[in-house]
Amino acid sequence: MRNFSKILLLVIFINLFSYVSAQNGGLQISGFLRDGWKPISGSMVQLYSYGSLLMVAETDLAGRFSFELELNREYQLIFAAYGYVTKRLTIDTNVRENEEREWVYWFNMEIFPEIPNTDFSVFQLPVAKIYYSPNFGEFDFDYNYSGKFKNLSNNLISYVKKERYAQYNKHISLADNGKKSGDFVKAIDHYLMARVYDPYVLYPTEQINSLETQLLRKSNKYKAFIELQQLGDSCMRGHDFSKASVFYTESASMYPENDYAWYKANLADTLNSRFDNSMYIKLQYNHHVSLADKYISNRDYINSLYHYELASKLNPNDEYVFKQIKFLGTQLNISVDRSDSEQYRKLIENGDRCFQNSDYDKAEQYYNEALTINQSDQYVKIQIDKINRKKELFKQFSFSPESRTKEFIANLAKTYDTGLTQEFHEWDGKKVVRIIINDGREAREYVKTVSDSDTLYYRNGQNISKVVFQTETGH
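Quick note on the numbering used here: the sequence shown kicks off at 28 and runs consecutively.
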């Protein structure tokens, strides 16, 4: 019987090898969307290939996005946000024959506000091109193209820098007048645009919060409007653009004067018309099968079965996945208690949420509890190791502006995970909030110190204002 099991394992791994060999590696493309140092959160970055929309990724609080790309295809990324000029970037993932590596490439994309009656047609061209360099065996920008495009757009960008503050004052005036006349919804629209033109002023955000609070207290209609907007947002994240359009259009019809609501409705319509649902399903299917195959090779059967079943929902007629599920469920007599499996997934989700919120003690509790159900999960072990390393870093924390040398800041990019990390310290009688934003090539350290006498803010050891701290960190 033992020999029979070995034969079955051999057969399944031969099939597994055949599937993995067909994948031929890939490129994980990740980056940060920003306006200067301000992260643009909540934007839908769009991924296209040969004219069809494949998927979108919503930027997080740090402005971060990520896509997993297949090799030997051509892609386009579109960066769009309300009130901003849309930018494009192309990616050519064609590599040398028989290359089967996994590459990771990080970059920053800066966008800027749109100025009315200004010709931005040059930005119909890609602002940059990423390609595979056979000389180095890595992906990088086409710096020759980037230099040429920069020469084309320099004067326009300089003009925007001069004009954006005049536009800020214009929209503040319109918003304040709308507020006085009782047209709160239109006033919010103008405050939103003012915040785009000058994100370092708190006044627009304060006014938006105040007006929305008043509207929610007084009007069930506005509550329904917000609920429809939230339903639309949820559908966008799930790539159900048709349904998102219905929710957004319904909300916009409640307040026809709301430009932002119509912007979202039109965006959903555009994405729906370009969306290749079959390709999206294929990409999701490949993603789950790839993960399941990795888990099964590590004999992590709970995670493996979970991802095979997700793949099966996407493609119920796939023979490979059917055989893998049957193999896990019967031929090897692996019994996976469904209640245990569901509890395990919830523990992982809770652990991940706490980890993202920098609540590392709670995250560690959830991860350890998950390990009691599935001791083979390498992901959980990696997360616990990250927590231990972060706790060691916390112990080493001390702060003085003069200690934040170029070498110190450079080491942060090597020490911290890419993205946004938040820490809380008690140091020298002060409460400290520390935020590290690591974009993969360089890192920035933001520190807020609170004592009985004052509250101070720093970026890389230099004094900054509360507004700059809040704007650039989202804290």
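For glycine and all other residues, C-beta sits at the position ideal for the given N, C-alpha and C.
These numbers come from a predicted model, not from an experiment.
Rounded to whole angstroms, how far is the Cβ of residue i from the Cβ of residue j, which I believe are closer than 8 angstroms?
i           : j           : result
residue 464 : residue 502 : With 8 angstroms as the limit, residue 464 and residue 502 do not qualify as a contact, their Cβ atoms being about 11 angstroms apart.
residue 199 : residue 139 : With a Cβ gap of about 19 angstroms, residue 199 and residue 139 do not count as contacting.
residue 216 : residue 285 : 6 angstroms
residue 317 : residue 323 : Rounded, the Cβ-Cβ distance is 11 angstroms, inconsistent with contact.
residue 227 : residue 494 : 5 angstroms
residue 90  : residue 57  : Wrong, their Cβ atoms sit about 11 angstroms apart, outside the cutoff.
residue 401 : residue 329 : 5 angstroms
residue 133 : residue 444 : Incorrect: roughly 12 angstroms between the Cβ atoms, too far for contact.
residue 290 : residue 109 : 5 angstroms
residue 141 : residue 62  : Between residue 62 and residue 141 the Cβ distance is about 12 angstroms, and since that is not below 8 angstroms, they are no contact.
residue 470 : residue 439 : 4 angstroms
Could you check what DSSP says for residue i in three-state terms: helix, strand or coil?
i           : result
residue 494 : helix
residue 472 : strand
residue 223 : helix
residue 98  : coil
residue 320 : helix
residue 73  : strand
residue 228 : coil
residue 152 : coil
residue 124 : coil
residue 343 : coil
residue 428 : helix
residue 326 : coil
residue 28  : Reliability of the predicted coordinates at residue 28 is poor, the pLDDT of 44 falling under 50, and the value obtained from them is presented with this limitation in mind. Three-state DSSP puts residue 28 in coil, outside helix and strand.
residue 79  : strand
residue 211 : helix
residue 302 : strand
residue 237 : helix
residue 391 : helix
residue 284 : coil
residue 514 : Because the chain here runs from 28 to 502, residue 514 falls outside it and cannot be looked at.
residue 293 : helix
residue 146 : coil
residue 384 : coil
residue 198 : helix
residue 267 : coil
residue 261 : helix
residue 403 : coil
Going by DSSP, name the residue or residues bridged to residue i.
i           : result
residue 449 : 462
residue 483 : 476
residue 130 : 54
residue 60  : 136
residue 167 : 158
residue 111 : 140
residue 454 : 457
residue 85  : 71
residue 311 : DSSP lists no partner for residue 311.
residue 117 : 103 and 156
residue 66  : 61
residue 91  : 59
residue 489 : 486
Should residue i go down as buried or exposed, given a rule of 16 or more other Cβ atoms within 10 Å for buried?
i           : result
residue 378 : buried
residue 477 : exposed
residue 404 : buried
residue 149 : exposed
residue 376 : exposed
residue 205 : buried
residue 189 : exposed
residue 186 : exposed
residue 499 : buried
residue 153 : buried
residue 251 : exposed
residue 472 : buried
residue 120 : buried
residue 430 : exposed
residue 179 : exposed
residue 24  : The requested residue 24 is not part of the displayed model; the chain covers only 28 to 502.
residue 222 : buried
Between residue i and the rest of its own chain, which residues show a CB-CB distance below 7 angstroms, the 5 nearest in sequence each way excluded?
i           : result
residue 161 : 123
residue 248 : 281
residue 86  : 60, 67, 68, 69, 70, 72 and 92
residue 65  : 226, 498 and 499
What does a CB cutoff of less than 6 angstroms around residue i pick up in its chain, not counting 5 residues either side in sequence?
i           : result
residue 130 : 54 and 166
residue 271 : 259, 262, 263 and 295
residue 76  : 100 and 102
residue 489 : none
residue 156 : 117, 169 and 172
residue 483 : 476
residue 37  : Low local confidence applies: a pLDDT of 43 at residue 37 is under 50, so the model's placement there is unreliable, and no value is given.
Give every residue of the same chain whose Cβ lies closer than 8 angstroms to the Cβ of residue i, excluding the five residues on either side of it in the sequence, and list them in chain order.
i           : result
residue 397 : 371, 374, 375, 378, 404 and 407
residue 238 : 206, 211, 214, 215 and 218
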